[in-house]
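All remarks here apply to the structure that follows.
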Amino acid sequence: MTIPTLDTDDRASDRRADPATERRRRRAAAFADAASAGWKVWLFKIVALGIVDAMAIYAILVLVVQEQWVVAGAIAVGVVILNAVYLIPGLLPAKYLAPGLVFLFIFQIFVVLYTVYIAFTNYGSGHNSTKEDAITSLLQQSQTRVEDSATYPVQIATRDGEFFLVVEDPETGDLSVGGTEQPLESVSSPEAAGYEVLDFSQILANQAEIGALAVPLDDDLNDGYLRTTDGSNAYLFQSSLEWDPVADTMTDTETGTVYRDIGTGAFTADDGTEILPGWQVWVGGENFVRAVTEESIRGPFIAVLVWTFVFAFLSVATTFVLGLFLAIVFNDPKMKSRKYYRVILILPYAFPAFLSALIWAGMFNQDFGFINQVLLGGASIPWLLDPILAKVAILIVNLWLGFPYMFLVCTGALQSIPDDIQEAGRVDGAGVWQVFRHIKFPLLLVSVAPLLISSFAFNFNNFNIVYMLTNGGPRFADASINVGATDILISMVYKVAFVGANRDYGLASAFSIIIFILVAVISYVSFRQTKVLEELN
């Protein structure tokens, strides 16, 4: 007897015939897939949190060593909250918001808070470190070789990327090792202590670093330093300044002048003379007071402030008027080939502004610029050297760069105005000018006013065009800060902070806060006056 068999189609038909079994099978497969995916997500989450925690712990340890307790505490609290958000079940919205909040804090809130903190300190050239570092630097930079000092045979060694002197006592022959921040200490051999002695070729390759190496004899820095010029012999150097840690004074042994710590971040003599470098200290609102009371800063600051407002206002006004005019012209259906003209008009907006400013700087050149030599027939007009002409040049270039944006904005706003409203005005007997003045322009401002306000804020801080075209010049001769006639506030802040030998980050941060307050107040008042916020809502 033959036993019948089921072919593949029959078995598939039986499975389809049992819906409950099929649902159980699919549910089990879904659970298996979910479990597999869940383990992968969990493993990724643990690894990612482990990396973040390791970086946070390292940062906290470094900050604790530097006694930066507030920042270390903020990082510790932040990393605890981050771990809680991703390890505690639920809190789904927080899991999605956490990355954005972290980057917001790092790149926005922290930067703003740090700028505010710097504005209340004397941080800058000569005041960028601690008091201990300043004392060491003062003693080292005033060193002179002691006459008839002993000659110390030395070798050059390295460990952890730093250079050290291996010194042999000329009388006993004992060895000792010391570095810039490590006084001499006895060793049996440098190799046994973990140092690597350099050969002659390695010494030649690092001659500058070795020549700058000054090793204190002991913990008392007044006893002097050992320095070498050839890598084989060292000599005793002593400072002309003598540090008294008990009285907290620095005395010039040659003149007898005593410099004291009077709380200003530098050792100061009785006549007000300071010796630099100093150190960073909290000065309160002194930077803000200097900006408005110190004549060599107040005069240039007021001139720059006035010019910044004039520049921002005229930039917005001129670009808006020209852009609106061109938008009206090329929005007329009677104009032939409008799309081609529009493409040509927006070309200045398509090129990077800083490159265009550099090209215009060459065109405005007094001796061989295109404007003087070609357009003005070989004239010698000092466009970028005269204060008034330089400002005119900046406004011309900014008009060239800014009108395409206003042209695009006004074109879109004009096209959004319904034709039936304009037609109703014409039916009532209004002329072209009356339709524009009483219908088009008010409706246009409803859409364009927020953009005009943002454009004013942008031009208030339009750093590129000023820096690339005139570099802020011509410079004010009577100013104690590096600032010129065409500088606006943001370029002045840049120069105070980063240009020249005397860089005053505290004063620059104070100026930055002033700029922020001015822009915020102007924007708030403008929005209130135009009632744009209510229209948007």
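Counting from 5, one number per residue, gives the positions in the sequence shown under this note's numbering. Where a beta carbon is used, it is the ideal one built from N, C-alpha and C, also for glycine. No experiment lies behind these values; they were computed from the predicted model shown.
Practice prompt. Can you tell me which of Ala270, Gly267, Thr268, Trp247 puts its alpha carbon nearest to the alpha carbon of glycine 260?
Written response: For the purposes of this step, residue 260 is identified with residue 256 of the sequence shown, where counting begins at 1. Scanning Ala270, Gly267, Thr268, Trp247 for the CA closest to the CA of glycine 260 turns up Trp247.
Worksheet item: Three-state secondary structure (DSSP) at aspartate 423?
Response: One-based indexing of the sequence shown puts residue 423 at position 419. If DSSP states are grouped into helix, strand and coil, aspartate 423 belongs with the helices.
Worksheet item: With 16 other CB atoms within 10 Å as the buried threshold, where does isoleucine 122 fall?
Response: For the purposes of this step, residue 122 is identified with residue 118 of the sequence shown, where counting begins at 1. Classification for isoleucine 122: buried.
Practice prompt. Taking only runs that begin and end inside the segment 280-354, name each unbroken beta strand (DSSP E) of 3 or more residues, in chain order.
Written response: none
Discussion item. Tell me the DSSP secondary structure of glycine 183 in three-state form.
Written reply: The residue given as residue 183 occupies position 179 in the sequence shown. Note: glycine 183 maps to strand in three-state DSSP.
Discussion item. Below 8 angstroms on the Cβ atoms is my contact criterion, and I expect threonine 232 with leucine 169 to pass it. Report the Cβ-Cβ distance as a whole number of Å.
Written reply: To locate residue 232, count along the sequence shown from 1; it is residue 228. To locate residue 169, count along the sequence shown from 1; it is residue 165. Rounded, the Cβ-Cβ distance is 7 angstroms, consistent with contact.
Worksheet item: Between the segment 181-188 and the segment 156-171, do three or more beta carbon pairs fall short of 8 angstroms?
Response: yes
Worksheet item: Out of curiosity, what's the CA-to-CA distance linking leucine 143 and proline 93?
Response: Along the sequence shown, one-based indexing puts residue 143 at 139. Along the sequence shown, one-based indexing puts residue 93 at 89. About 59 angstroms.
Worksheet item: Sorted by chain position, which residues of the same chain lie with C-beta nearer than 6 angstroms to leucine 393's C-beta, five sequence neighbours on each side aside?
Response: In the sequence shown, counting from the first residue as 1, residue 393 sits at position 389. The answer, listed in chain order, is Trp387.
Worksheet item: Just reading off the alpha helix (DSSP H) that asparagine 237 is part of, what are its end residues?
Response: Taking the first residue of the sequence shown as position 1, residue 237 is located at position 233. Looking at the DSSP string, asparagine 237 is not in any alpha helix (DSSP H); the run it does join, the beta strand (DSSP E), is 237-243.
Discussion item. For alanine 434, which residues in the same chain have their Cβ closer than 8 angstroms to its Cβ, ignoring the five residues on either side in sequence?
Written reply: Here residue 434 is taken as the residue at index 430 of the sequence shown, counted from 1. Within the same chain, alanine 434 has close Cβ partners His442, Ile443.
Item to complete: Measure from the alpha carbon of arginine 346 to the alpha carbon of each residue in Ile139, Val525, Gln426, Phe334, then state which is nearest.
Response: Here residue 346 corresponds to residue number 342 of the sequence shown, with the count starting at 1. Nearest option by C-alpha distance: Phe334.
Discussion item. My parser needs the beta strand (DSSP E) runs of 3 or more residues fully inside the segment 186-236; what are they?
Written reply: 186-190, 229-232
Practice prompt. Just list the alpha helix (DSSP H) runs in the segment 85-147, keeping only unbroken ones of 4 residues or longer that don't cross its boundaries, in chain order.
Written response: 96-108, 114-123, 135-145
Worksheet entry | Span separating the alpha-carbon of leucine 537 from that of leucine 309 | Residue numbering aside, residue 537 sits at position 533 when the sequence shown is read from its first letter. Residue numbering aside, residue 309 sits at position 305 when the sequence shown is read from its first letter. The pLDDT assigned to leucine 537 is 46, lower than 50, so where the model puts this residue is not dependable, and the model offers no usable value.
Practice prompt. Leaving aside the five residues before and after phenylalanine 515 along the sequence, list all residues of the same chain whose C-beta is less than 6 angstroms from its C-beta, in chain order.
Written response: The count along the sequence shown starts at 1 and reaches residue 515 at position 511. Val497, listed in sequence order.
Practice prompt. Ignore the nearest five residues each way along the sequence and tell me which others in glycine 289's own chain have a CB closer than 8 angstroms to its CB.
Written response: As a first step, residue 289 is located in the sequence shown; it is residue number 285 there, counting from the start. Excluding sequence neighbours, glycine 289 sits near Phe124.
Discussion item. Can you check which of these residues, Leu449, Ser530, Trp404, Lys49, is closest to valine 413 by C-alpha distance?
Written reply: Taking the sequence shown and counting its residues from 1, one reaches residue 413 at position 409. Here the closest residue by C-alpha is Leu449.
Worksheet item: Would you say valine 413 touches the ligand HEM, meaning its beta carbon is less than 8 angstroms from a heavy atom?
Response: What this structure holds is no ligand at all, so the ligand HEM is not there to describe.
Worksheet item: To which residues of the same chain is isoleucine 547 closer than 8 angstroms at the C-beta, ignoring the five residues directly before and after it?
Response: Because the chain is modelled from 5 through 541, residue 547 falls outside the range shown and cannot be assessed.
Worksheet item: For alanine 102, which option in Tyr118, Gly82, Phe114, Gln112 has the closest C-alpha, if you only look at C-alpha atoms?
Response: Along the sequence shown, read from residue 1 onward, the residue named residue 102 stands at position 98. Comparing Cα-Cα distances from alanine 102 to each of Tyr118, Gly82, Phe114, Gln112, the minimum goes to Gly82.
Practice prompt. Could you give the DSSP three-state label for aspartate 248: helix, strand or coil?
Written response: Along the sequence shown, read from residue 1 onward, the residue named residue 248 stands at position 244. The answer is strand: DSSP assigns aspartate 248 an E or B state.
Worksheet item: On the three-pair Cβ rule with 8 angstroms, is the segment 295-306 touching the segment 375-391?
Response: no
Discussion item. Between the alpha carbons of valine 66 and leucine 91, how many angstroms are there, rounded?
Written reply: In the sequence shown, counting from the first residue as 1, residue 66 sits at position 62. In the sequence shown, counting from the first residue as 1, residue 91 sits at position 87. In a straight line, the C-alpha of valine 66 is about 27 angstroms away from that of leucine 91.
Discussion item. Below 8 angstroms on the Cβ atoms is my contact criterion, and I expect threonine 155 with tyrosine 229 to pass it. Report the Cβ-Cβ distance as a whole number of Å.
Written reply: On the sequence shown, residue 155 is found 151 positions in, with the first residue counted as 1. On the sequence shown, residue 229 is found 225 positions in, with the first residue counted as 1. That pair is no contact at about 15 angstroms.
Discussion item. Here's the rule I'm using: 16 or more other beta-carbon atoms within 10 Å means buried, otherwise exposed. How should glutamine 284 be labelled?
Written reply: The count along the sequence shown starts at 1 and reaches residue 284 at position 280. By the beta-carbon neighbour count (other beta carbons within 10 angstroms, threshold 16), glutamine 284 is buried.
Worksheet item: Given leucine 362, which residues of its chain have a CB within under 7 angstroms of its CB, disregarding the five upstream and five downstream residues?
Response: As a first step, residue 362 is located in the sequence shown; it is residue number 358 there, counting from the start. For leucine 362, where only same-chain residues beyond five positions count, the Cβ hits under 7 angstroms are Met472.
Worksheet item: When the Cα of glutamate 213 is compared with those of Trp46, Glu166, Leu96, Ala270, which residue comes out closest?
Response: On the sequence shown, position 209 is the one that residue 213 refers to. The candidate whose alpha carbon is nearest that of glutamate 213 is Glu166.
Practice prompt. Ignore the nearest five residues each way along the sequence and tell me which others in aspartate 252's own chain have a CB closer than 6 angstroms to its CB.
Written response: In the sequence shown, counting from the first residue as 1, residue 252 sits at position 248. These residues qualify, in order along the chain: Asp265.
Worksheet item: If threonine 323 and phenylalanine 407 are in contact, beta carbons under 8 angstroms, what's the gap, nearest whole angstrom?
Response: Sequence index remark: in the sequence shown, residue 323 carries index 319 (1-based). Sequence index remark: in the sequence shown, residue 407 carries index 403 (1-based). Sure, about 5 angstroms apart at Cβ, within 8 angstroms.
Worksheet item: How big is the Cα-Cα spacing for valine 45 and alanine 58?
Response: Walking along the sequence shown from the start, residue 45 turns up at place 41. Walking along the sequence shown from the start, residue 58 turns up at place 54. Whole-angstrom Cα-Cα distance: 20 angstroms.
Item to complete: Name the two residues that bound the continuous beta strand (DSSP E) containing alanine 161.
Response: Taking the first residue of the sequence shown as 1, we reach residue 161 at position 157. From DSSP, the beta strand (DSSP E) with alanine 161 extends over 156-163.
Discussion item. Using the three-state DSSP reduction, which class does aspartate 508 fall into: helix, strand or coil?
Written reply: Translated into positions along the sequence shown, residue 508 becomes position 504. Strand at aspartate 508.
Fill in: Contact check, leucine 511 vs isoleucine 485, beta carbons under 9 angstroms
In the sequence shown, residue 511 corresponds to position 507, counting from 1. In the sequence shown, residue 485 corresponds to position 481, counting from 1. At a Cβ-Cβ threshold of 9 angstroms, leucine 511 and isoleucine 485 count as neighbours.
Worksheet item: So what does DSSP say about glycine 488, is it helix, strand or coil?
Response: Residue numbering aside, residue 488 sits at position 484 when the sequence shown is read from its first letter. Strand.
Worksheet item: Quick one: what does DSSP say aspartate 256 is sitting in, helix, strand or coil?
Response: For this step, residue 256 is matched to residue 252 along the sequence shown. Strand, per DSSP.
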